[in-house]
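Chemist: Counting along the sequence shown from 1, when you hit position 188 you're at 188 in full-length UniProt numbering, and nothing is skipped either side.
Each residue gets a CB set at the ideal place from its N, CA and C atoms; glycine is no exception.
As the structure is a computational prediction, the values presented were derived from the model and not from experiment.
Provided herewith is a single structure, encoded as structure tokens, for subsequent inquiry.
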Amino acid sequence: MSMNVDYTSPSAQYFFDMNNSTLFKEDNQNFINVVGQNQLNTLENTSLLDIFLSIDHIIEPHYHQNATELVYAISGAAVISILNPFTKELLHFTVTPGQVVNIPQGWWHYIVTIDEHTHFLAIFDAPNPEVVLGSDILKFTPADIMAQTYCLNENEWEQVTEPIKPDTFIGPYQDCYQQGNVYQNHYDYNPHPFGNWC
């Protein structure tokens, strides 16, 4: 028991319905529900994301600066990819129901679904999960900084990153295929062009 929670308070909460706490929703098959201390005030060092995805959807590349994440597969299948910052190796784990992947705090990672009706839980050892999203890094880092740092053409960088929406969370966007992007359907989409799936 923690000294930070007043269990005698009449405002202490012990029940919460995650169905009423959507963090992000693309459509009725692709959404994320959340519960943390902001939703349930008696939680201490635990929080949870309840994630539902259809095939070929991606939880965008990101990292959690304040928590380790344990991903537990309930239904469907997904490939969880993690960049090990010590070895610079990109690890890929195919998960199906009952399997888990541990993602250490601060490690860059993303999730690609490979089956319909994929459902998993992301469990964190923090009262509220914090996140740095790849879409935000790409959208808000000034083009001149990216160009000078990485020897890029500033105008080309601006053009390439223009369609990126901040706070993407789940990709691709619903209007992605109408924008004339490269990936037209899941048959010609390889989420891991640089490595094999485990």
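Return the residue from the list E69, Q99, Q65 and T68 that minimises the CA-CA distance to A77.
Modeler: Position 77 of the sequence shown, counting from 1, holds the residue named residue 77. With distances taken between Cα atoms, A77 lies closest to Q99.
Chemist: Over what stretch of residues does the alpha helix (DSSP H) that includes N153 continue unbroken?
Modeler: Taking the sequence shown and counting its residues from 1, the one referred to as residue 153 is at position 153. First-last for N153: undefined, no H or E at that position.
Chemist: When you compare the CB positions of F52 and H117, do they come within less than 9 Å of one another, or not?
Modeler: If you number the sequence shown from 1, residue 52 lands on position 52. If you number the sequence shown from 1, residue 117 lands on position 117. In contact: F52 and H117 (Cβ atoms closer than 9 Å).
Chemist: Among P129, N30, E154 and E60, which one has its Cα closest to the Cα of L43?
Modeler: To locate residue 43, count along the sequence shown from 1; it is residue 43. With distances taken between Cα atoms, L43 lies closest to P129.
Chemist: Give the DSSP-derived three-state secondary structure of A143 in the structure shown.
Modeler: Sequence index remark: in the sequence shown, residue 143 carries index 143 (1-based). Helix.
Chemist: Thinking F16 and T22 are a contact (beta carbons under 8 Å), I'd like their distance in whole angstroms, please.
Modeler: Here residue 16 corresponds to residue number 16 of the sequence shown, with the count starting at 1. Here residue 22 corresponds to residue number 22 of the sequence shown, with the count starting at 1. Not confirmed; about 13 Å, so no contact.
Chemist: For D136 and C176, what's the separation of their Cα atoms in angstroms?
Modeler: Within the sequence shown, numbered from 1, the residue matching residue 136 stands at position 136. Within the sequence shown, numbered from 1, the residue matching residue 176 stands at position 176. In this structure, the CA atom of D136 is about 18 Å from the CA atom of C176.
Chemist: Let me know if W197 comes out buried or exposed under the rule of 16 or more other beta-carbons within 10 Å of its beta-carbon.
Modeler: The residue you call residue 197 lines up with position 197 of the sequence shown. Any reading at W197 is ruled out, since the residue's pLDDT is 32, under 50, leaving its predicted position unreliable.
Chemist: Extract the residue ranges of the beta strand (DSSP E) inside the UniProt domain "Cupin type-1" (21 to 158), only unbroken runs of 3 or more that lie entirely within it.
Modeler: 22 to 27, 30 to 35, 47 to 53, 58 to 63, 69 to 75, 78 to 84, 89 to 95, 100 to 103, 109 to 113 and 118 to 124
Chemist: Which partner residues of I170 appear in the DSSP bridge assignment?
Modeler: Position 170 of the sequence shown, counted from the start, is the residue given in the question as residue 170. Bridge partners of I170: I59.
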